[in-house]
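**Q** In order, the protein sequence lines correspond to chains A and B. So for the first sequence, the working numbering puts the first residue at 1163; every next one is plus one. So for the second sequence, the working numbering puts the first residue at 5; every next one is plus one. Glycine included, every Cβ here is placed at the ideal spot set by N, Cα and C. Dropping the structure in here first, questions after.
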Amino acid sequence: MLAVNFLLLAAVLFCIGVFGVIARRNAVMVLMSIELILNAVNLNLVAFALMNNNQEGQVFALYVIAIAAAEVGVGLAMVLMIYRNRKSIALDELSEMKG
Amino acid sequence: MVESLLAQAEMNGSVNVAMNIAFGIIATVMIFAAFSVVTTKNVVHAALYLVVVLAGVAAQYILAAAEFVAVSQVMVYIGAVMVLFLFGIMLTRAQIGKEEGLNNSGWQLGIPVALLLFGLMAYVIVDTYEDTVIGERTPFATEGISDQVLAPFLVPFLAISFVLLAAAIGAIVLARKD
Chain A
1163 MLAVNFLLLA AVLFCIGVFG VIARRNAVMV LMSIELILNA VNLNLVAFAL MNNNQEGQVF
1223 ALYVIAIAAA EVGVGLAMVL MIYRNRKSIA LDELSEMKG
Chain B
5 MVESLLAQAE MNGSVNVAMN IAFGIIATVM IFAAFSVVTT KNVVHAALYL VVVLAGVAAQ
65 YILAAAEFVA VSQVMVYIGA VMVLFLFGIM LTRAQIGKEE GLNNSGWQLG IPVALLLFGL
125 MAYVIVDTYE DTVIGERTPF ATEGISDQVL APFLVPFLAI SFVLLAAAIG AIVLARKD
């Protein structure tokens, strides 16, 4: 097993997630792309834990999972509130704070 | 890369062929599903493809000898986060099926950004870890994770529990109708 395998797979997932964040207009789909990015980072952490024979990477991965769960909860609540106020979750229409 | 695999074979007497094949199959499925998440025109399909990606990540964790993280991934992501996503989709749109206007007007901008980023990261990764071989080793004990969480990482652990509490209360406050 080569270390490059895991790291390249994580890089591919990360870049697909970045593309999703840039390209998508629907707020829920942007949140999904953020999940892809977080999972890529987690895969890296676990791979480094395996490479260095050190379990701290797995602990970090667990903490990232916890933070991601909190982030999705708050994010979807905000999306619901925006939808209730505006009947739309298109991100490019949210321009009230534009200077 | 092939040379380092062959070198590993000479060193250990055998390459773990099954592990490499399993990695390749799962990685292919994951990349296809991740690509579908960001390109499909149907929001529900995107959520279901995301399940495939998350399950693939859990499988990769098992290949990387992180069983506890894999089980947590299945329970937290596939069990809880996906239900949240499906509820979010259900509550924010009435339309079922294909939908237009899921992408920004300037969505093509994302293609060069992602390709450039991947090229840079692939160059750095291959340059640094080209010949690093993950050898056979004894699996980690889950006990080690609890030792780490409850001794050196206790303060971040408590902080995360407060973050989760605040997020749960905040989500309820935000989503409440009044």
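Taking a contact to mean a Cβ-Cβ separation below 8 Å, would you say A/L1198 touches A/G1237 in this structure?
**A** The count along the first sequence starts at 1 and reaches residue 1198 of chain A at position 36. The count along the first sequence starts at 1 and reaches residue 1237 of chain A at position 75. It is not a contact, given that the beta carbons lie outside the stated cut-off.
**Q** Against chain B, with Cβ distances strictly below 8 Å, would A/V1166 count as a contact?
**A** By 1-based counting over the first sequence, the position of residue 1166 of chain A is 4. By this cut-off, A/V1166 is an interface position.
**Q** Which first and last residues belong to the alpha helix (DSSP H) in which B/T44 is found?
**A** Counted from its first residue, the second sequence places residue 44 of chain B at position 40. Note, B/T44: premise wrong, no alpha helix (DSSP H); not H, not E.
**Q** Is the CB of B/G17 under 8 Å away from at least one CB in chain A?
**A** Residue numbering aside, residue 17 of chain B sits at position 13 when the second sequence is read from its first letter. Reliability of the predicted coordinates at B/G17 is poor, the pLDDT of 47 falling under 50, and the value obtained from them is presented with this limitation in mind. Taking Cβ atoms only, chain A never reaches closer than 8 Å to B/G17, which makes this a no.
**Q** I need the DSSP call for A/N1201, collapsed to helix, strand or coil.
**A** In the first sequence, residue 1201 of chain A corresponds to position 39, counting from 1. Looking at A/N1201 - three-state DSSP - the assignment turns out to be helix.
**Q** Count the CB pairs spanning the segment 1208-1217 of chain A and the segment 143-160 of chain B that are closer than 8 Å, and state whether there are at least three.
**A** Touching, per the Cβ criterion.
**Q** Just how far apart, CA to CA, sit B/G17 and B/M23?
**A** For the purposes of this step, residue 17 of chain B is taken as residue 13 along the second sequence, with counting starting at 1. For the purposes of this step, residue 23 of chain B is taken as residue 19 along the second sequence, with counting starting at 1. Confidence at B/G17 is low in this model, with a pLDDT of 47, below 50, so the placement of that residue should be treated as unreliable; the coordinate-derived value is given next. Between B/G17 and B/M23, the C-alpha separation is close to 15 Å.
**Q** With the cut-off set at 8 Å, would you say B/L90 and B/A51 are in Cβ contact?
**A** Within the second sequence, residue 90 of chain B is the residue found at index 86, counting from 1. Within the second sequence, residue 51 of chain B is the residue found at index 47, counting from 1. It is a contact, given that the beta carbons lie within the stated cut-off.
**Q** Measuring CB to CB, does B/I149 end up less than 8 Å from A/L1212?
**A** Numbered from 1 along the second sequence, position 145 holds the residue referred to as residue 149 of chain B. Numbered from 1 along the first sequence, position 50 holds the residue referred to as residue 1212 of chain A. No; because the gap between Cβ atoms is not below 8 Å, this pair is not in contact.
**Q** Considering only DSSP beta bridges, list what B/A26 is partnered with.
**A** Against the second sequence, residue 26 of chain B aligns to sequence position 22. Partner(s): none; B/A26 has no beta bridge.
**Q** Would you identify the three-state DSSP class for B/N203, choosing helix, strand or coil?
**A** Given that chain B is displayed from residue 5 to residue 182, the structure contains no residue 203 of chain B and the question cannot be resolved.
**Q** Excluding sequence positions up to five away, which residues of its chain have a Cβ less than 8 Å from the Cβ of B/S40?
**A** The residue you call residue 40 of chain B lines up with position 36 of the second sequence. Correct list, in chain order: H49, A50 and Y53.
**Q** Check the Cβ-Cβ distances between B/V85 and every residue of chain A, and say whether any is below 8 Å.
**A** On the second sequence, position 81 is the one that residue 85 of chain B refers to. With 8 Å as the cut-off, B/V85 counts as an interface residue toward chain A.
**Q** Where do the N-terminal and C-terminal ends of the alpha helix (DSSP H) with B/T146 fall, by residue?
**A** Here residue 146 of chain B refers to the residue found at position 142 of the second sequence. Per DSSP, B/T146 belongs to the alpha helix (DSSP H) from T146 to L154.
**Q** Per DSSP, what are the beta-bridge partners of A/R1186 in this structure?
**A** To locate residue 1186 of chain A, count along the first sequence from 1; it is residue 24. Paired residue(s): B/N107.
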